[in-house]
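As they're listed, the protein sequences go chains V and X. Using my numbering, count along the first sequence one by one with no gaps and you end on 646. Using my numbering, count along the second sequence one by one with no gaps and you end on 646. Note that CB positions come from ideal geometry on N, CA and C, so glycine has one too. The block underneath contains the structure these notes are about, expressed in structure tokens.
2 protein chains.
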Amino acid sequence: MAVSEQGLTFSPEIEARLEKAARLCSEQGTTLTPLRREVLGLVLSSDQPIGAYALLDHLRRTRAGAAPPTVYRALDFLRERGFVHKVERLNAFVGCPSAADHVGHDHGHAVQFLICTRCGRVTETEDEAIIAAVAQAAERHGFRQMRATVEIEGLCRACAG
Amino acid sequence: MAVSEQGLTFSPEIEARLEKAARLCSEQGTTLTPLRREVLGLVLSSDQPIGAYALLDHLRRTRAGAAPPTVYRALDFLRERGFVHKVERLNAFVGCPSAADHVGHDHGHAVQFLICTRCGRVTETEDEAIIAAVAQAAERHGFRQMRATVEIEGLCRACAG
DNA sequence: CTCGCTCATGTTATAAGATAACATGTCCGG
DNA sequence: CCGGACATGTTATCTTATAACATGAGCGAG
Chain V
486 MAVSEQGLTF SPEIEARLEK AARLCSEQGT TLTPLRREVL GLVLSSDQPI GAYALLDHLR
546 RTRAGAAPPT VYRALDFLRE RGFVHKVERL NAFVGCPSAA DHVGHDHGHA VQFLICTRCG
606 RVTETEDEAI IAAVAQAAER HGFRQMRATV EIEGLCRACA G
Chain X
486 MAVSEQGLTF SPEIEARLEK AARLCSEQGT TLTPLRREVL GLVLSSDQPI GAYALLDHLR
546 RTRAGAAPPT VYRALDFLRE RGFVHKVERL NAFVGCPSAA DHVGHDHGHA VQFLICTRCG
606 RVTETEDEAI IAAVAQAAER HGFRQMRATV EIEGLCRACA G
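In structure tokens form, the structure reads like this:
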């Protein structure tokens, strides 16, 4: 991650994802501004879920005046578009690995996280059986599902040994 | 809910559940102290998830010195034993309707909440298909699941119309 | 009986997460 | 040139949660 006059620069893979996100935004008539781009880049660069205030600390390297609303507004934008998800148990944010696939319309989807309590890493999955089971359970209760999250805590393969 | 010298008194149904909880605790060698009993009673008396600070406000009616740790410690105790669950999305707590059935060992279970964004009510379910799908997905990733929560947001039958 | 342990609670302070409310600036179309 | 939409800046505050240390009750071993 380098600092230039345009703001932060990220690894090539992440730059590619940022480009893609920028394209998706402009197709929707919105803008991935430099600020939003930086926040998304920071989230994607973290190998663990990252908290809003940790993002803020990073942001302040380039933006002296950054304050909580700065980062929360950017996160709101990114979450609305599915580029970023919040892991509720951790009050922290992760980049969506498949943001490009289901732009903006994954409501009703049951996003799933495998949260390792030892190493802190989180893997996002999209298991169809879970999605279907959740949808059916909701329907059985006469519940109109808008969105759902599944947060599974335990030990990842590496940590479980 | 009445106030007596022994602390709060709840409705007969809730008193019955408190008695049962007290019995389960003593079987485990722990104690449902008056404080814990009051907190559990307050959670069970709420028809919606209730926040820690709302509980604190109620507690202070009978316990002048109550402070955040007072309520958080009681909640920790109750959660460890499965009498109470936290709805992560709401930072609020609900009583477990089936606390008596699976005392203390429901780890690995995927607790499920149907959260109505309109009326704020939360229904807890234990859908076997979801539990199984979650367990299988975790296994497929070599993940040793300890616990899981499924939080489904949308409109309940009454609110969806 | 009394020392020392464990458990529960009290007490004070602070950390961590999130939002409200209002101000500023930029771009663009009429 | 004005006015509206949008993005960000700025200040203050609110909500949620925990750290750290103090007090006190109950109980078993010596």
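- Cβ proximity to chain V below 9 Å picks out G627, F628, R629, Q630, M631, R632, A633, T634, V635, E636, I637, E638, G639, L640, C641, R642 and A643 from the stretch 627 to 643 of chain X.
- Within chain X, the residues I615, V635 and I637 have their CB atoms less than 7 Å from the CB of V619(V), given in chain order.
- In this structure, E638(V) sits away from A506(X), with a CB-CB distance that is not shorter than 8 Å.
- The beta-carbon of E573(V) is placed less than 8 Å from the nearest beta-carbon of chain X.
- When beta bridges are read from the DSSP output, V635(V) appears opposite Q597(V) and V635(X).
- Against chain X, a Cβ distance below 9 Å from L599(V) picks out A622, A623, H626, F628 and Q630.
- When DSSP states are grouped into helix, strand and coil, A617(V) belongs to the helix group.
- Residue environment for Q621(X): exposed (fewer than 16 other C-beta atoms within 10 angstroms of its C-beta).
- Not a single C-beta of chain X is nearer than 8 Å to the C-beta of T494(V).
- Non-local beta-carbon contacts of I499(V) in its own chain, meaning distances under 7 Å to residues more than five positions away in sequence, involve G526, L529 and S530 in chain order.
- Bounds of the alpha helix (DSSP H) holding T555(V) are P553 to E565.
- For A552(X), the nearest beta carbon of chain V is not closer than 8 Å to its own beta carbon.
- Using a Cβ-Cβ cut-off of 8 Å, D561(V) is close to nothing in chain X; its nearest Cβ partner there is about 15 Å away.
- Nearest in C-alpha terms to G536(V), of all of P553(V), T547(V) and A584(V), is P553(V).
- Between E523(X) and L493(X), the beta carbon gap of about 5 Å places them in contact (Cβ cut-off 8 Å).
- CA-to-CA, the gap between A559(X) and P534(X) works out to about 16 Å.
- For E504(X), there is no enclosing beta strand (DSSP E); the residue is part of the alpha helix (DSSP H) that begins and ends at P497 to E512.
- In the three-state reduction of the DSSP assignment, R629(X) falls in the strand class.
- Nearest neighbour of G646(X) by Cα position, chosen from G627(V), C644(V) and M631(V), turns out to be G627(V).
- In the three-state reduction of the DSSP assignment, E609(X) falls in the strand class, which pools E and B.
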